[in-house]
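One structure is given here, and the rest of the page talks about it.
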Amino acid sequence: MNAFSQIRRNDQPIYLDYQATTPMDPRVLEAMLPYFTYKFGNPHSRSHSYGWEAEEGVEKARGQIARLIGADEKEVIFTSGATESNNLAIRGVAEFYKDRKNHIVTTVTEHKCVLDTCRHLEQSGFEVTYVPVQQNGLIDLDVLREAITDRTVAVSVMAVNNEIGVIQPLAEIGRICREKKVFFHTDAAQAAGKIPLDVEAMNIDLLSISGHKIYGPKGIGALYVRRKPRVRLVPLIVGGGQERGFRSGTLPTPLCVGLGEAAEICLKEMDAEAGRLKKLQERMLKGLQAKLPEIYVNGDLEHRIPGNLNISFAHVEGESLMMGIKGLSVSSGSACTSASLEPSYVLRALGVEEEMAHTSLRIGLGRFTTEQEVDTAVADLVHHVTKLREMSPLWEMSQEGIDIKSIEWAAH
Amino acid sequence: MPAFAYLDHNATSPIRPVVLDAMVEALRAEGNPSSVHRAGRAARARVDAARRQVAGLVGARPSEIVFTSGGTEASNMALAGTGRKRVLVSAVEHESVLKSVSRAEVIPVDHDGVVDLAALERMLAGSEPALVSVMFANNETGVIQPVAEVVRLARAANALVHCDAVQAAGKVPVDLHGLGVDYLSISAHKLGGPTGIGALVVRAGAPFVSDRKGGGQESNRRAGTENVAGIVGFGAAAQAACGGLDTISLRDRLEAALQAAAPMARIHGAAVPRLPNTTCISMPGVKAETQVMALDLAGVCVSAGAACSSGKVTRSAVLAAMGVEPAEAETAIRISCGWNTVFEDIDCLIAAWKGLYIRVTQSDFHRAHAA
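Protein chains in written order, with this note's numbering: chain A, 10 to 421; chain B, 375 to 745.
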């Protein structure tokens, strides 16, 4: 099945940026359409059947999302996306418990919305510890354990990194958090629907989900908030008191339904899809390695979602490469920061040198990626990297065995 | 075939076909507007085009539009983002305004639900510069506030003004610069656009700091990947709704018929300017819940108040602020027309409402005689 052929026109570039956003699955769109048209009611209208019908759709979706993460449907709150979920989880919990505790532990490779929320909390008097990651992108559990103090209210560690796709040891982190009696929040925007998640087995108290990263619509996300033992939050958005008071505002029924359907499809097809993507990932990497020396995969390959590769191409100017491969939609890092020319802070945190960070590409594979597309992408990359290297004096020098780092550049 | 009339557009308005077409196209396309590749740039272009359409609806510049997840978030952001500690809100504001400030000072309204300008002027005198939040039109009664007057008083006292125009935009002309307000909240699903998308309009030069942290989307004013299809739908709805709602004849026919059937029925705010689509009417002696259920059985959808709180059986704060007695407030229902309302819908409502009124009054009559 390649439903994507319904969506993509032939003249469009090959989409290999599945960590930035995913195309919507046509089955999701199908599920949403009735809620745009004849089932359009406000799900909070309790006085007529239009309202009830919409509410039914919303509640079904809530159950579908809950099943994806092993939660109870009462524990799922709809938000406008993972950014809001992360803001609400971290700020909400910090604000609620601030009279007793004032410390948050997170990692240096979190998504910008987590880091920025933490920075904001620091400005208002909270303390934050940013735990480093190892060279493979994974946190050291002992370092995490030591970072937790009796003033710590919550630990926030992302499940899967958005740039390098590495999977953090969630069950182990959950165990430490439970043992130390601190809340465990995980930003699962890149993980949900791709790897098995179980809030019970993993002792997760708060979990953020995004719609558009799992073939659902943009503008919708969810936050799992544990009920037993109860996690309490100060809401970010107040008003009509919807979503158990955690999040006011009329629920966008079609978007909720879309997120629910997307979650159900992901759950149903997770195993098969992971196997298929693993093969594509291997095919891509082997294809590149066969033709191109000195390419390096950033982040652990084993503890990684199969839909991601992050590769540094030594001695190639990153911008020139990006300009060259016009037939491929890939990115040099996260979409939110991709307009800036700064090297990725995630790669820098792994200890990747600045030049190598500058030549890296994030390649995202997903539900609609085909073997043929992978082969085309490999050929395209090989062609352009080889061409750019041929023009590069640095490449020439390195081939001659000169250690480029030893060169003392003359100042102009 | 049973009749079916949806007359609850102030809760949510069904999506316009032109909006759905635009959205389906956007939903089928991939791309994150922040990505630099072609797919990303195409998504960005869609967002920019819609931004111009939404700006056009409220007389703003495209750069003054900050897309949010809806009206509630927009109002929350406005009230938190100006830096003003002292906040004055009218007594009839939506909960998204009332609940977002813990210590707001309340500007009273008169019996018609219009803010008391003299009281506002007194409140503005002296003390530290404030933020004033007065809605354009009320969601329950449709009563339109003298926003330009509010702005004039506020300016004289160096105060900023937020206006919740969620119920007004697309129904009557709303002009950011003409009114002179600093912040305006709008929502797509009240004007035939999708749910889950709205905007805060921030006048260029007005102070504003967002407390939403993350990527630098919306010029650092609202983090989070843009809801592209929602924004596209909002744009299409804004364009379609630019001319306002042409429902005044429907409303007048409805009100005349109901009052003719029950001379004791009272239309709240009838003496002052109202939205052309909203009727808040009390049927003497019949609880709102009873009316809503009876009308629903007859295929007519109306509400007993605002949708957000209509699950709870609490008394309307709006009617209470207008000095309506609890006994009468409990008998008030809201009827709201929209872009696809036709005369048949109105006639359907009139017949069902009259039928109920006659049944109740006759059984009262029989009971009185039996006793």
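Built from N, CA and C at the ideal position, the CB exists for glycine as well. On a predicted model such as this, the values are computed, not experimentally measured, just so you know.
Proximal chain A residues relative to residue i, where beta-carbon distance stays under 7 Å
i, result
"B:V602", "K227"
"B:C675", "H57, Y59"
"B:L401", "M33, L38, P226"
"B:P388", "F49"
"B:L730", "Those within 7 Å of B:L730 in chain A number zero; the least Cβ separation is about 14 Å."
"B:A678", "S56"
"B:V428", "Chain A residues near B:V428: none, gap ~15 Å exceeds 7 Å."
"B:L394", "F45, T46"
Identity of the residues DSSP links to residue i by a beta bridge
i, result
"A:E136", "A:H112"
"B:R627", "None; B:R627 has no bridge partner."
"B:V546", "B:A543"
"A:D26", "A:G373"
"A:N433", "Limits of chain A in this structure are 10 at one end and 421 at the other, which puts residue 433 of chain A out of reach."
"B:E479", "B:L462"
"A:R313", "A:V175"
Span of the beta strand (DSSP E) around residue i
i, result
"B:F441", "439 to 442"
"B:L574", "572 to 576"
"A:D196", "192 to 196"
"A:S219", "215 to 219"
"A:Y305", "304 to 306"
Inter-residue Cα distance where the pair is residue i and residue j
i, j, result
"B:A424", "B:F608", "7 Å"
"A:Y24", "A:Y44", "29 Å"
"B:S684", "A:P263", "Residue placement at B:S684 is flagged as unreliable, the pLDDT there being 48, under the threshold of 50; the coordinate-derived value follows with that caveat. Cα to Cα, B:S684 sits roughly 21 Å from A:P263."
"A:A29", "A:G174", "12 Å"
"B:V428", "B:D556", "17 Å"
"A:T195", "A:G230", "14 Å"
"B:R741", "B:N714", "42 Å"
"B:D486", "B:M696", "6 Å"
"A:I113", "A:V123", "11 Å"
"A:E303", "A:R398", "11 Å"
"B:D738", "B:T664", "15 Å"
"B:I389", "A:N51", "12 Å"
"B:S408", "B:G598", "10 Å"
"B:P482", "B:V463", "9 Å"
"B:W499", "B:I560", "Here residue 499 of chain B turns out to be Ala, not Trp, going by the sequence shown. The alpha-carbon atoms of B:A499 and B:I560 are separated by roughly 30 Å."
"A:R357", "A:A366", "7 Å"
"B:L619", "B:R418", "30 Å"
"B:S474", "A:T161", "28 Å"
"B:A396", "A:H312", "41 Å"
"B:K564", "A:L370", "43 Å"
"A:A156", "A:T138", "7 Å"
"A:G254", "A:P244", "7 Å"
"B:V676", "B:T705", "13 Å"
"A:Q381", "A:A388", "11 Å"
"A:E405", "B:A562", "58 Å"
Contact set between residue i and chain B, taken where Cβ atoms lie within less than 9 Å
i, result
"A:C122", "R586, K587, G588, G589, A597, G598"
"A:G333", "Near A:G333 there are no residues of chain B at all, since even the closest Cβ is about 13 Å away, more than 9 Å."
"A:V240", "Ordered by position in chain B, no residue passes the 9 Å Cβ test against A:V240, which lies about 20 Å from the chain."
"A:D26", "E404, G405, N406, S409, H411, A413, G414"
"A:E93", "S443, E447, R586, G588, A597, G598"
"A:G248", "G445, T446, E447, S449, N450, H468, E469, S470, V471, L472, K473, S474, C682"
Extent of the continuous alpha helix (DSSP H) run through residue i
i, result
"A:R371", "That residue, A:R371, is in no alpha helix (DSSP H); its beta strand (DSSP E) goes 369 to 373."
"B:A434", "Taken as a continuous stretch (DSSP letters only), B:A434 belongs to no alpha helix (DSSP H), as it is neither H nor E."
"A:D151", "150 to 156"
"A:F87", "It is not in any alpha helix (DSSP H) - A:F87 instead sits in the beta strand (DSSP E) that spans 85 to 88."
"B:A499", "Looking at the DSSP string, B:A499 is not in any alpha helix (DSSP H), and its letter there is neither H nor E."
Residues that residue i contacts on chain B, provided the C-beta gap is smaller than 8 Å
i, result
"A:Y305", "Residues of chain B passing the Cβ test: none, with the nearest at roughly 23 Å."
"A:A386", "Within chain B, no residue comes near A:A386; the closest Cβ sits about 13 Å away, beyond 8 Å."
"A:V355", "Here the premise fails: no neighbours, minimum Cβ distance about 14 Å."
Proximal residues of chain A, C-beta to C-beta of residue i below 8 Å
i, result
"B:G516", "Going along chain A, no residue has its Cβ under 8 Å from B:G516, so there is no contact; the nearest lies around 17 Å."
"B:T652", "Result: empty, since nearest Cβ-Cβ is about 15 Å, beyond 8 Å."
"B:V666", "S56, H57"
Cross-chain neighbours of residue i in chain B, by beta carbon under 7 Å
i, result
"A:H424", "Past the boundaries of the shown model lies residue 424 of chain A; chain A is included only from 10 to 421, so the question cannot be answered."
Handout entry: Against chain B: residues of the region 187 to 201 of chain A by CB proximity under 9 Å
Key = none
Handout entry: Against chain A: residues of the region 459 to 481 of chain B by CB proximity under 9 Å
Key = Within the region 459 to 481 of chain B, the qualifying residues are H468, E469, S470, V471, L472, K473, S474.
Problem - Near-chain A residues of the region 375 to 386 of chain B (beta-carbon distance less than 9 Å), N- to C-terminal order - result: Y380, D382, A385, T386
Handout entry: Residues in the region 156 to 172 of chain A having any Cβ partner in chain B nearer than 7 Å
Key = Look at the region 156 to 172 of chain A: it has no residue with a C-beta under 7 Å from a C-beta of chain B.
Problem - Proximal residues, the region 554 to 580 of chain B versus chain A, C-beta separation under 7 Å - result: Correct list: H563, P568, T569, G570, I571.
Practice task
Could you run through the region 250 to 284 of chain A and flag, in chain order, every residue whose CB is less than 8 Å away from some CB of chain B?
Solution key: G250, Q251, S257, G258, T259, L260, P261, T262, P263, L264
Practice task
Could you please tell me which residues of the region 313 to 328 of chain A, in chain order, have their CB closer than 7 Å to any CB of chain B?
Solution key: none
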